[in-house]
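Enquirer:
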């Protein structure tokens, strides 16, 4: 039993505020919630919407059609009324029309709250009542949220909620709403989870240039900086950001940068620098559709091969692609640990869908638990920064101790100094590349969902996890045995176990790009000879129902 | 191949202005009382950027144009380290121009010693951002037509906390300037060093500079921004050397809330 609502309006109308308020209210009721935003690249006007799906079981993706549309502007109504399910309810911030219930959200907010800003509170009250839910939890949330602004602000918000609820209560019963089931009341978003994962793991330095959809991680870390002890600096450009991160890691602090495709393109020389200097640089890459500026506020999985291959020359690198906010948190920590154990850059890939995704979670650990940096005490003697070892990992000391720590972007000898000795070149290059073999041996295995004997396997990576997961459930429920294999680490890969797991089953790669990049990577590592592709690259995320329908043909 | 031939050999031409800069830097480090174990020399790419390999210090030899952001990252991670950039005009003012501009504003306490020879040496003689008008090269056969970049004037305008110029041909003056920069505690220090390139710049020779450099008079008040700008704009028949400008504005580290608690690298485990 699930239901989807869509809050839509112009940028600046409080679409996100209303959505966030409702997400919290639904979670507080004990419902499973899954939400994300779709917005245009503008600060005012246009049509933005916030989708919230609620259910009595765990949710993994959205549906295309909304059962309940709240249209805050005429444009929003015109754009989206065609995607309202039947039966459905549409609440419109205007006048009544066929199939449309008018509620003057802004008018009521002005009258009862003294400000049009409270239109989102009116809307939240109306939505809850239209679905037949109590508004008391929402009232508690508003009391908490506005307590420091004084009694009058709280009272005004409560008046708005109650009026919205009163006007929409006639709609109750038109839609069958799921019953609360005691789902986790905490809500996490993909970007917050990355930020919290980094702060708790001991990231001490962040340098970034803002770029959608990665900016949420940057702002989260800025808001957490004083509490966790992080220097967060807005760099003049992405080139500065990655080079500042390289400097900070050399001096011994875990450091990271956040960016999207175009900014990452600028960073790429610095990624190679981290590879050559053997520095644990951590890069959060939030994808959006390219090439060039592309669709700045939409979603895509188009930078996979770019990320895997980023950097001139050859060096060890790991690339992770979480599928849920929980995985964002876990893999940020794991990625930072791996970067430090192998002294090499690690990239965590997300995208706008996952960045803005909000979902119930059992509560992410906010306690500070610094990772092991694998630093050796700098005691001097004959310390060599790049001592050749079997694993390729050299003891890492920090500058400021007894021995000098020398690092050079030129090829260098074990002591870090520039060389053109070609035997040293082979020795050091082999040492660096041996780290990749160690990393490959501990690559996270892909996760299998669905019946073990299923004859058809959907392969996916990153944020496509949820939509595929729902599709698998739908297909199996419909008597079509289907499984999925989700990769949360996309580089390096171990081909053999994947090949064995797949056997001679029918395989479809489900990806948010136009060329099937992961299928290509799987061919490169000898997993697939060929496979079917299910691609989407219009800037919107897959839905579970869409994947299931496309599988059925 | 003979490894030792490549590794022990300094890559500079005999007579290069980089040699006196290297010798003077060694003396200045001692004179300023800098502990070499706490010293990090940061450079980008170019002939000047090789300097860190020829002395005793921690070394971060990074990418072309990116010495500044790397140095800033190091300093913010551990602000008890003395972080000194030794790189060229192409590296600092050309490829790294945006970092130069914004680090004048940021005012992190790193010291930039810019070997300014007004030419690209490592790539064999093209114009640099500081090449004079009319400077002829294989790439600019009709002479440079864009006016020279003025790092001193820009630094004064941007309220850089320490702005000085010296000349590789006057080691005593150079040492004084280096010591003053090393001992400066107010934030970013820029020391532009006029450095003859004996191979690719036949115009701005030791003699050319020697005839033009004039020490800033003792009466000059370096906190007087208008006078400092006046000095910074002088070039040609007369080139002022010395401390042109000092600002009293606070450093980045002093203002950064988290850094007031101590070294960032120390806060990692202590929290």
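Chains as they are written, first to last, in our numbering: chain V, 1 to 553; chain C, 1 to 271. All residues carry an ideal CB built from backbone N, CA and C; glycine is no exception.
Straight-line CA distance for residue 3 of chain C to residue 420 of chain V?
Expert: Start at 1 with the first residue of the second chain, and residue 3 of chain C comes out as number 3. Start at 1 with the first residue of the first chain, and residue 420 of chain V comes out as number 420. Because residue 3 of chain C sits at a pLDDT of 38, beneath the cut-off of 50, its placement in the model cannot be relied upon, and the following sentence gives the value as read from the coordinates. Cα to Cα, the separation comes out at about 8 Å.
Enquirer: Mind checking residue 431 of chain V: buried by the 16 CB within 10 Å criterion, or exposed?
Expert: Residue 431 of chain V sits at position 431 when you count from the first residue of the first chain. Buried, by the Cβ-count rule.
Enquirer: Since I believe residue 158 of chain V is in contact with residue 139 of chain V (beta carbons under 8 Å), could you give me their beta-carbon distance rounded to a whole number of angstroms?
Expert: Position 139 of the first chain, counted from the start, is the residue given in the question as residue 139 of chain V. Position 158 of the first chain, counted from the start, is the residue given in the question as residue 158 of chain V. That belief holds up - the Cβ atoms of residue 139 of chain V and residue 158 of chain V are roughly 6 Å apart, short of 8 Å.
Enquirer: Quick one: complete beta strand (DSSP E) runs, 3+ long, within the region 249-291 of chain V?
Expert: List check, beta strand (DSSP E) in window: 255-259 and 282-287.
Enquirer: Does the beta-carbon of residue 325 of chain V have 16 or more other beta-carbons within 10 angstroms, so that it is buried, or is it exposed?
Expert: Locating residue 325 of chain V in the first chain gives position 325, counting from the first residue. Under this definition residue 325 of chain V is a buried residue.
Enquirer: Taking the alpha carbon of residue 104 of chain C as the reference point, which residue from C/22, C/136 and C/156 has its own alpha carbon closest?
Expert: Position 104 of the second chain holds residue 104 of chain C. Of the listed residues, the one whose Cα sits closest to residue 104 of chain C is C/156.
Enquirer: Suppose contacts are defined by Cβ-Cβ distances below 8 Å. Is residue 43 of chain C in contact with residue 86 of chain C by that definition?
Expert: Mapped onto the second chain, residue 43 of chain C falls at position 43. Mapped onto the second chain, residue 86 of chain C falls at position 86. Yes, these two residues count as a Cβ contact at 8 Å.
Enquirer: Where in the region 416-503 of chain V do unbroken runs of the alpha helix (DSSP H), each at least 4 residues long, occur, reported from the N-terminal end onward?
Expert: 422-441, 465-477 and 495-502
Enquirer: Assuming residue 84 of chain V and residue 124 of chain V form a contact by the criterion Cβ under 8 Å, report the distance between their Cβ atoms to the nearest whole angstrom.
Expert: Against the first chain, residue 84 of chain V aligns to sequence position 84. Against the first chain, residue 124 of chain V aligns to sequence position 124. The pair is not a contact, with the Cβ atoms about 19 Å apart (cut-off 8 Å).
Enquirer: How close, in whole Å, do the beta carbons of residue 200 of chain V and residue 41 of chain V come, if the pair is a contact with beta carbons under 8 Å?
Expert: Here residue 200 of chain V corresponds to residue number 200 of the first chain, with the count starting at 1. Here residue 41 of chain V corresponds to residue number 41 of the first chain, with the count starting at 1. The Cβ separation is near 32 Å, so there is no contact.
Enquirer: Restricting to Cα atoms, I'd like to know which of V/215, V/206, V/542 and V/314 is closest to residue 229 of chain V.
Expert: By one-based count along the first chain, residue 229 of chain V stands at place 229. Looking at the Cα atoms, V/206 is the closest of the given residues.
Enquirer: Distance check for residue 496 of chain V and residue 299 of chain V, CA to CA, integer angstroms please.
Expert: In the first chain, residue 299 of chain V corresponds to position 299, counting from 1. In the first chain, residue 496 of chain V corresponds to position 496, counting from 1. Rounded to whole angstroms, residue 299 of chain V to residue 496 of chain V spans 32 Å at the Cα level.
Enquirer: Bridge partners for residue 35 of chain V per DSSP, in chain order?
Expert: The count along the first chain starts at 1 and reaches residue 35 of chain V at position 35. Bridge partners of residue 35 of chain V: V/52 and V/358.
Enquirer: Helix, strand or coil: which one does DSSP assign to residue 150 of chain V?
Expert: For the purposes of this step, residue 150 of chain V is identified with residue 150 of the first chain, where counting begins at 1. Assignment of residue 150 of chain V by DSSP, reduced to helix, strand and coil, places it in the coil class.
Enquirer: By Cβ distance, which residues of its chain are closer than 8 Å to residue 513 of chain V, with the 5 residues on each side in sequence left out?
Expert: In the first chain, the residue the question calls residue 513 of chain V occupies position 513. Cβ within range, chain order: 300, 301, 302, 304, 535 and 537.
Enquirer: What first and last residue would you give for the beta strand (DSSP E) that runs through residue 8 of chain V?
Expert: One-based indexing of the first chain puts residue 8 of chain V at position 8. Residue 8 of chain V -> beta strand (DSSP E) spans 2-11.
Enquirer: Short of 9 Å Cβ to Cβ, which residues in the region 230-248 of chain V face chain C?
Expert: 230, 231, 232, 233, 235, 236, 237, 239, 240, 241, 242, 243, 244, 245, 246, 247 and 248
Enquirer: Could you tell me which of V/180, V/217 and V/156 sits nearest to residue 191 of chain V, measuring between CA atoms?
Expert: Taking the first chain and counting its residues from 1, the one referred to as residue 191 of chain V is at position 191. Residue nearest to residue 191 of chain V within the set V/180, V/217 and V/156 is V/217 (criterion: CA-CA distance).
Enquirer: Name the residue from V/506, V/467, V/463 and V/492 whose alpha carbon lies nearest to the alpha carbon of residue 456 of chain V.
Expert: The count along the first chain starts at 1 and reaches residue 456 of chain V at position 456. Selected option, being the one with the closest Cα: V/506.
Enquirer: Who are the neighbours of residue 39 of chain V on chain C, taking C-beta pairs under 8 Å?
Expert: The residue you call residue 39 of chain V lines up with position 39 of the first chain. Simply none; closest approach about 30 Å.
Enquirer: At what residues does the alpha helix (DSSP H) containing residue 74 of chain C begin and finish?
Expert: Here residue 74 of chain C is taken as the residue at index 74 of the second chain, counted from 1. Start and end: 67-77.
Enquirer: Just to check my reading of the structure: residue 414 of chain V and residue 388 of chain V have Cβ atoms closer than 8 Å, yes? What is that Cβ distance to the nearest angstrom?
Expert: Indexing the first chain from 1 puts residue 414 of chain V at position 414. Indexing the first chain from 1 puts residue 388 of chain V at position 388. Correct: roughly 6 Å between the Cβ atoms.
Enquirer: Give me, in chain order, the residues of the same chain whose beta-carbon lies closer than 6 Å to that of residue 149 of chain C; leave out the 5 immediate sequence neighbours on both sides.
Expert: Indexing the second chain from 1 puts residue 149 of chain C at position 149. So the list reads 93, 129 and 130, once near-sequence residues are dropped.
Enquirer: Looking at the C-beta of residue 117 of chain C, does it have a partner C-beta in chain V at a distance below 8 Å?
Expert: Within the second chain, residue 117 of chain C is the residue found at index 117, counting from 1. No, residue 117 of chain C lies away from the interface with chain V (no Cβ there is under 8 Å from its Cβ).
Enquirer: What does residue 402 of chain V touch in chain C if you count any residue whose Cβ is under 7 Å from its own?
Expert: Here residue 402 of chain V refers to the residue found at position 402 when the first chain is read from its first residue. 37, listed in chain order.
Enquirer: Quick one: residues in its chain with C-beta nearer than 8 Å to the C-beta of residue 96 of chain V, no 5 flanking neighbours on either side, listed in chain order?
Expert: Indexing the first chain from 1 puts residue 96 of chain V at position 96. Hits under 8 Å: 102.
Enquirer: What residue from V/187, V/168 and V/353 has the CA that sits closest to residue 31 of chain V's CA?
Expert: For this step, residue 31 of chain V is matched to residue 31 along the first chain. Comparing Cα positions, the closest option is V/187.
Enquirer: Since residue 406 of chain V is in the beta strand (DSSP E), which residue starts that stretch and which ends it?
Expert: In the first chain, the residue the question calls residue 406 of chain V occupies position 406. Residues 406-408.
Enquirer: Between the C-alpha atoms of residue 78 of chain V and residue 213 of chain V, what's the straight-line distance to the nearest angstrom?
Expert: Here residue 78 of chain V is taken as the residue at index 78 of the first chain, counted from 1. Here residue 213 of chain V is taken as the residue at index 213 of the first chain, counted from 1. Approximately 27 Å between the Cα atoms of the pair.
Enquirer: Should residue 233 of chain V go down as buried or exposed, given a rule of 16 or more other Cβ atoms within 10 Å for buried?
Expert: Residue 233 of chain V sits at position 233 when you count from the first residue of the first chain. Flag for residue 233 of chain V reads buried.
Enquirer: Are the C-beta atoms of residue 139 of chain C and some chain V residue less than 8 Å apart?
Expert: Taking the second chain and counting its residues from 1, one reaches residue 139 of chain C at position 139. Not an interface residue.
Enquirer: Around the Cβ of residue 248 of chain C, are there at least 16 other Cβ atoms within 10 angstroms (buried) or fewer (exposed)?
Expert: On the second chain, residue 248 of chain C is found 248 positions in, with the first residue counted as 1. With fewer than 16 Cβ atoms within 10 Å of its Cβ, residue 248 of chain C is classed as exposed.
Enquirer: Reducing DSSP to helix, strand and coil, say where residue 209 of chain V ends up.
Expert: Looking up residue 209 of chain V in the first chain gives position 209. The three-state reading of DSSP puts residue 209 of chain V in coil, since its state is none of H, G, I, E or B.
Enquirer: For residue 233 of chain C, does the count of other Cβ atoms within 10 angstroms reach 16, so buried, or fall short, so exposed?
Expert: What you label residue 233 of chain C is simply residue 233 of the second chain in a count that begins at 1. By the 10 Å Cβ count, residue 233 of chain C comes out exposed.
Enquirer: In three-state terms, what does DSSP make of residue 351 of chain V?
Expert: In the first chain, residue 351 of chain V corresponds to position 351, counting from 1. Looking at residue 351 of chain V - three-state DSSP - the assignment turns out to be strand.
Enquirer: Under 7 Å: does the beta carbon of residue 226 of chain C sit that close to some heavy atom of the ligand PLP?
Expert: In terms of ligand content, the structure shown is empty, and the ligand PLP therefore cannot be addressed.
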